[in-house]
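Numbering (the working numbering), first residue to last: 606 to 1226.
Given below as structure tokens:
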């Protein structure tokens, strides 16, 4: 019994240690253990630029922050992975074979598959599986260490000492038992890992196709794998440990395929292309297409991609002034003067459609994201991808429209950041003021990878400046609050060793008070008290068991909202999704939505790990 307890303690201890280490290191630790090197957002390599363009589009389309991307330059096989514990610390890894051999459509299919893992919580499962298997492997390793130490390290020298010899024999037997248990445990653990992984991969294929509405892209990538001699195999020593998080089989098949972490390649292809003839294309058959796409990766997106989008703001240059222009002197939540910008009141069906696709974006969202990227001024995007300048891009979004407050902000900024950053904020201000309302938050998403590359001292300086600018007018408006949630919340895991929050287990019935605060805040956003009561009643009807009552407007300030959402983070994922639905019902009560309501909904959804895709305001029914 004592030996059994010790063995269990060893497994649990090893698993706990590994899971904690992986959580602390985030997805970056997994990517680096696989030989990945981070691609900087402002990369000048055409192959990497094409890859980063697709990643940015997929991020905007899904509503998640742009994740850091790691390049496995020594891997000729076609493969990719998503690793991390939550969307905030998620990273993407992709091999040289995938980046150089896949067309843009095929690359988009692979990345849609990986984004579905991020959105569906598969990464968290993958981390736990890696931890449990490490604990089992540790048991076998300890057994081998005991056996080798005693068998070859002089353990028998005292064999004439009967008592010592008996003790040595007992320890040897324990070592052998640990080896056997480690082997059996590893065998069974790999079987369980394979079964779980195969099912998740099938679901990710289906979700990826829903994302892109282009099964030919994902099927084409799988066919390219079949055409290559190396296929999707990796050379990294840790490939076996991470095989279950890869896009395709990363290690050579063994145990007659029982340990395969993915469904057979042919099965996956036929699920996407039922008419497939069973033949793989020639390995270099798409080389011309890939070469042309890589060669044009730095050019502007075709103008047709921005069809239906405003282009007036995208021509904004850097005038060098800092005063708000006439068209931007309205509230920060107002749009630019484009006749295709967000309408003052957004039809509720558009909001409902976005809520319906939380965690399940579609090709329409990808196309919309591509158009948004085309709408962003190229010079501002280039700055947002550079770690030094990205700070200025985000800080300039916080400049107040009141001239006197803006002047005091700029004066204070000089003592909070370096002179170059302060000067760039002032220079950028007019162009940022003129941005279409739809691209402000996506621009912050694009800037996140560059901001994550700051040094610790730069991060501290940036956070201090961010908070100072936001508080300059004595109040935190909704846009500033949402921006702070997106930027600061997703940067903290990279700099403050902030552990990802565990999956909540609490029902909403125990969180009625914070739920009332959140729903009241949403109801009051952009509404009079009378309309707020109607909106709240619509939200409360979605959660009748809670007996919710509208709280006073003063009790729904952003500080109280932050506390309420922190409490609701303890709720189950299903309960959090129900609350987001109730928020949407509040917004839908009067048949339309204001930009204030939509931005607040985006912030609430992000805090509850229910990323909301962009509103398709120009989509034709």
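Backbone N, C-alpha and C define an ideal beta-carbon position, used for all residues, glycine too.
Owing to the predicted nature of the structure, the values given are computational and were not obtained by experimental measurement.
Using 10 angstroms around the beta-carbon of residue i, count the other beta-carbons present and answer buried if the total reaches 16, otherwise exposed.
i: residue 720; result: buried
i: residue 685; result: buried
i: residue 1086; result: buried
i: residue 934; result: With a pLDDT of 40 at residue 934, under the threshold of 50, the predicted position of this residue should be treated as unreliable, though the coordinate-derived value follows. Burial call: exposed.
i: residue 1159; result: exposed
i: residue 1011; result: buried
i: residue 852; result: buried
i: residue 922; result: Note that residue 922 scores a pLDDT of 44, beneath 50, so its modelled location is shaky; the value from the coordinates is reported in the next line. Counting Cβ neighbours within 10 Å, residue 922 comes out exposed, since fewer than 16 surround it.
i: residue 828; result: buried
i: residue 1135; result: exposed
i: residue 903; result: exposed
i: residue 800; result: exposed
i: residue 1098; result: buried
i: residue 1233; result: Lying outside 606 to 1226, the shown extent of the chain, residue 1233 is not represented and no answer is given.
i: residue 1084; result: buried
For a cutoff of 8 Å on Cβ pairs, would you count residue i as touching chain D?
i: residue 1214; result: Among the chains of the structure shown, chain D does not appear; only one protein chain is present.
Does DSSP classify residue i as helix, strand or coil?
i: residue 1229; result: An answer regarding residue 1229 cannot be provided, because it is not within the stretch 606 to 1226 covered by the chain.
i: residue 699; result: strand
i: residue 910; result: With a pLDDT of only 37 at residue 910, under the threshold of 50, the placement of this residue in the model should not be trusted; the figure read from the coordinates follows. Note: residue 910 maps to helix in three-state DSSP.
i: residue 1239; result: Residue numbering for the chain in the displayed model covers 606 to 1226; residue 1239 lies beyond these limits and cannot be assessed.
i: residue 897; result: helix
i: residue 792; result: helix
i: residue 633; result: helix
i: residue 903; result: coil
i: residue 990; result: coil
i: residue 781; result: helix
i: residue 851; result: strand
i: residue 718; result: helix
i: residue 979; result: helix
i: residue 1197; result: strand
i: residue 1141; result: helix
i: residue 621; result: helix
i: residue 845; result: coil
i: residue 887; result: coil
i: residue 687; result: strand
i: residue 876; result: helix
i: residue 1174; result: coil
i: residue 682; result: coil
Using the Cα positions of residue i and residue j, report the straight-line distance between them to the nearest angstrom.
i: residue 1014; j: residue 1028; result: 12 Å
i: residue 1031; j: residue 1002; result: 11 Å
i: residue 1200; j: residue 1137; result: 16 Å
i: residue 1167; j: residue 813; result: 33 Å
i: residue 1171; j: residue 1198; result: 25 Å
i: residue 796; j: residue 740; result: 16 Å
i: residue 668; j: residue 781; result: 52 Å
i: residue 687; j: residue 676; result: 12 Å
i: residue 932; j: residue 1069; result: Low local confidence applies: a pLDDT of 41 at residue 932 is under 50, so the model's placement there is unreliable, with the coordinate-based value given in what follows. Whole-angstrom Cα-Cα distance: 30 Å.
i: residue 1164; j: residue 1189; result: 21 Å
i: residue 884; j: residue 825; result: 12 Å
i: residue 1125; j: residue 840; result: 55 Å
i: residue 1054; j: residue 1090; result: 16 Å
i: residue 994; j: residue 1066; result: 14 Å
i: residue 811; j: residue 1216; result: 19 Å
i: residue 723; j: residue 671; result: 12 Å
i: residue 658; j: residue 974; result: 11 Å
i: residue 1191; j: residue 1146; result: 10 Å
i: residue 854; j: residue 869; result: 9 Å
i: residue 636; j: residue 1185; result: 33 Å
i: residue 705; j: residue 875; result: 25 Å
i: residue 978; j: residue 619; result: 45 Å
i: residue 1219; j: residue 665; result: 7 Å
i: residue 1063; j: residue 1203; result: 32 Å
Check your understanding: Is it a yes or a no for the segment 1020-1036 touching the segment 1044-1051, going by three-plus beta-carbon pairs under 8 Å?
Key -> Fewer than three pairs of CB atoms, one per stretch, sit closer than 8 Å, so the segment 1020-1036 makes no contact with the segment 1044-1051.
Review point. With contact counted as at least three CB pairs below 8 Å, one residue from each stretch, are the segment 978-989 and the segment 1010-1025 in contact?
Key: Counting Cβ pairs under 8 Å, fewer than three are found: no touch.
Review point. So, do the segment 800-808 and the segment 632-642 have three or more beta carbon pairs nearer to each other than 8 Å?
Key: Judged by Cβ distances under 8 Å, the segment 800-808 makes no contact with the segment 632-642, as fewer than three pairs qualify.
Check your understanding: Would you say the segment 1163-1177 touches the segment 1114-1134, given that touching needs at least three Cβ pairs under 8 Å?
Key -> With a cut-off of 8 Å, the segment 1114-1134 and the segment 1163-1177 count as touching, because enough Cβ pairs lie within range.
Point to revise | Whole runs of the alpha helix (DSSP H) within the segment 1052-1135, excluding any shorter than 4 residues | key: Taking only runs of at least 4 residues, the alpha helix (DSSP H) segments lying wholly in the segment 1052-1135 are 1061-1075, 1083-1100 and 1117-1129.
Review point. Should the segment 701-714 be regarded as contacting the segment 730-741, the criterion being three or more beta carbon pairs within less than 8 Å?
Key: Below 8 Å, too few C-beta pairs join the segment 701-714 and the segment 730-741 to call them touching: fewer than three.
Review point. Three or more beta-carbon pairs under 8 Å between the segment 687-707 and the segment 1092-1103, yes or no?
Key: When C-beta atoms of the segment 687-707 are compared with those of the segment 1092-1103, three or more pairs fall below 8 Å, so the two segments count as touching.
Review point. Counting Cβ pairs, one atom from each stretch, are 3 or more of them under 8 Å apart for the segment 1136-1156 and the segment 1063-1076?
Key: Pairwise C-beta distances place the segment 1136-1156 out of contact with the segment 1063-1076, as fewer than three of them are shorter than 8 Å.
Check your understanding: Going along the chain, which unbroken runs of the alpha helix (DSSP H) with 4 or more residues stay wholly within the segment 643-668?
Key -> Annotation note: the segment 643-668 contains the following uninterrupted alpha helix (DSSP H) runs of length 4 or greater, listed N- to C-terminal: 651-667.
Practice item. Run through the segment 1000-1054 for me and flag every whole alpha helix (DSSP H) of 4 or more residues, listed as ranges in chain order. Key: Runs of the alpha helix (DSSP H) inside the segment 1000-1054: 1008-1018 and 1024-1038.
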